[in-house]
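See structure below.
There are 2 protein chains.
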Amino acid sequence: MRIGELAEQAGMTTKTLRFYEQAQVLPQPARTASGYRDYDETSLARLRFVRAAQGAGLSLAEIRTIITVREDQGPPCGHVTALLDRHAAALDERIAELEATREEVRRLRDRAATLNPAACSEDGVCHVIPTH
Amino acid sequence: MRIGELAEQAGMTTKTLRFYEQAQVLPQPARTASGYRDYDETSLARLRFVRAAQGAGLSLAEIRTIITVREDQGPPCGHVTALLDRHAAALDERIAELEATREEVRRLRDRAATLNPAACSEDGVCHVIPTH
DNA sequence: GTAAACGTTCCACCGCACGGCAAGGTCAAG
DNA sequence: CTTGACCTTGCCGTGCGGTGGAACGTTTAC
Chain A
63 MRIGELAEQA GMTTKTLRFY EQAQVLPQPA RTASGYRDYD ETSLARLRFV
113 RAAQGAGLSL AEIRTIITVR EDQGPPCGHV TALLDRHAAA LDERIAELEA
163 TREEVRRLRD RAATLNPAAC SEDGVCHVIP TH
Chain B
63 MRIGELAEQA GMTTKTLRFY EQAQVLPQPA RTASGYRDYD ETSLARLRFV
113 RAAQGAGLSL AEIRTIITVR EDQGPPCGHV TALLDRHAAA LDERIAELEA
163 TREEVRRLRD RAATLNPAAC SEDGVCHVIP TH
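Residue numbers (our numbering), protein chains in the order written: chain A, 63 to 194; chain B, 63 to 194.
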């Protein structure tokens with residue numbers, strides 16, 4: 063199977079496939095006599111796995127560790143479980159940060175609605191955003 | 063006032079100040095005869111404003127637009143209000159995305175707890191992450 | 001006079017997941 | 001034989017907010 067064909071089936075570009083190969087989330091395929099990449103049927107399954115893992119917010123580096131663990135030690139369930147736990151915690155933290163920022167933005171928005179533009183002092187940039 | 067002094071008072075590095083100048087959120091200061099930057103008292107207020115605006119999640123590019131509007135048209139209240147509204151909407155969207163990802167991660171985590179590692183098929187990478 | 005502690009410019013790099021383009025090789029159809 | 005569609009490698013650019021280092025000039029203290 064040629065690269066363009068696989069890319070089409072996976073809904074990705076050939077660029078992405080070559081990038082995944084370099085990122086070691088897609089194994090180096092066989093080559094034809096003239097140097098063309100020649101993929102087997104397992105490649106599409108691998109690409110689907112990568113996409114599913116990305117859907118869970120995993121980076122290519124993290125996906126690579128799962129693949130490496132699998133190749134070295136068999137089913138990577140323990141590794142994946144720990145990875146997912148860490149990810150859930152990181153997401154909690156990130157969401158909390160964004161929610162705090164959202165609250166700050168809303169506070170400022172309300173402030174903007176009550177302040178008089180004419181009262182904006184000369185020497186600041188904007189009295190809606192307090193500097194302390 | 064020299065750059066190191068201002069940096070210390072603002073709790074930033076000299077690198078950051080020069081970067082802000084290039085990003086046009088900090089005006090180009092006067093120079094001494096030998097070419098050293100020579101800041102006035104308004105600079106610290108400006109840096110505090112930048113930091114406060116960053117705290118509300120505004121990018122340097124957005125902060126620059128506020129400053130530009132202020133310089134061109136006076137108090138930028140209307141501009142800032144619109145900016146904050148757009149930001150609140152973007153934050154809502156981003157938080158919703160992350161929450162969806164978090165749900166997906168938790169679903170997978172629960173799945174990992176119930177699946178038998180020995181049942182992991184030979185030809186996939188990890189049966190915890192389904193490739194539907 | 002000299003050494004330390006500052007200052008200057010410019011260029012490169014970080015993570016992340018690709019996209020664009022160039023210069024060339026290969027393969028099938030007409 | 002030629003055209004066009006495909007493939008190869010390689011290197012640079014993207015956005016964001018800086019950080020690091022090199023190579024060199026200035027100021028201050030002793």
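Using N, Cα and C, we set each Cβ at its ideal position, and we do this for glycine too.
Under 7 Å Cβ to Cβ from residue i, same chain only, skipping five residues before and after it: list those, please.
{"i": "T94(A)", "result": "D100"}
{"i": "L79(B)", "result": "I65, L68, A69, L88"}
{"i": "E124(A)", "result": "L145"}
Would residue i and residue j be called neighbours here (beta carbons separated by less than 8 Å)?
{"i": "R164(A)", "j": "I157(B)", "result": "yes"}
{"i": "R126(B)", "j": "V87(B)", "result": "yes"}
{"i": "L153(B)", "j": "G119(B)", "result": "yes"}
{"i": "L109(A)", "j": "M74(A)", "result": "yes"}
{"i": "Y82(A)", "j": "V112(A)", "result": "yes"}
{"i": "T193(B)", "j": "A114(A)", "result": "yes"}
{"i": "H141(B)", "j": "V167(A)", "result": "no"}
Since residue i and residue j are thought to touch, with beta carbons under 8 Å apart, how far apart are those beta carbons, to the nearest angstrom?
{"i": "P137(A)", "j": "P179(B)", "result": "4 Å"}
{"i": "R169(A)", "j": "V190(A)", "result": "Actually they do not touch by this definition, with Cβ atoms about 10 Å apart."}
{"i": "D185(A)", "j": "T104(B)", "result": "6 Å"}
What separation, rounded to the nearest whole angstrom, lies between the Cα atoms of residue i and residue j?
{"i": "Y98(A)", "j": "R64(A)", "result": "7 Å"}
{"i": "L145(A)", "j": "A107(A)", "result": "21 Å"}
{"i": "R151(B)", "j": "I128(B)", "result": "The displayed chain sequence assigns Ala, not Arg, to residue 151(B). When rounded, the distance between both Cα atoms is 19 Å."}
{"i": "C182(A)", "j": "D102(B)", "result": "21 Å"}
{"i": "E159(B)", "j": "P91(B)", "result": "42 Å"}
{"i": "E161(B)", "j": "E155(B)", "result": "10 Å"}
{"i": "T176(A)", "j": "D147(A)", "result": "44 Å"}
Return the chain-ordered list of same chain residues with a C-beta closer than 8 Å to the C-beta of residue i, the five sequence neighbours on each side being excluded.
{"i": "T76(A)", "result": "I65, G66, A69"}
{"i": "D134(A)", "result": "none"}
{"i": "S96(B)", "result": "none"}
State the beta-bridge partners of residue i as determined by DSSP.
{"i": "R37(B)", "result": "In the structure as shown, chain B begins at 63 and stops at 194. Residue 37(B) is therefore absent and cannot be evaluated."}
Tell me which same chain residues have a C-beta within less than 6 Å of the C-beta of residue i, skipping the five on either side of it?
{"i": "A85(A)", "result": "L122"}
Tell me whether residue i counts as near the ligand ZN, meaning its Cβ is closer than 7 Å to at least one heavy atom of that ligand.
{"i": "A151(B)", "result": "As for the ligand ZN, it is missing from this structure, which has no ligand bound."}
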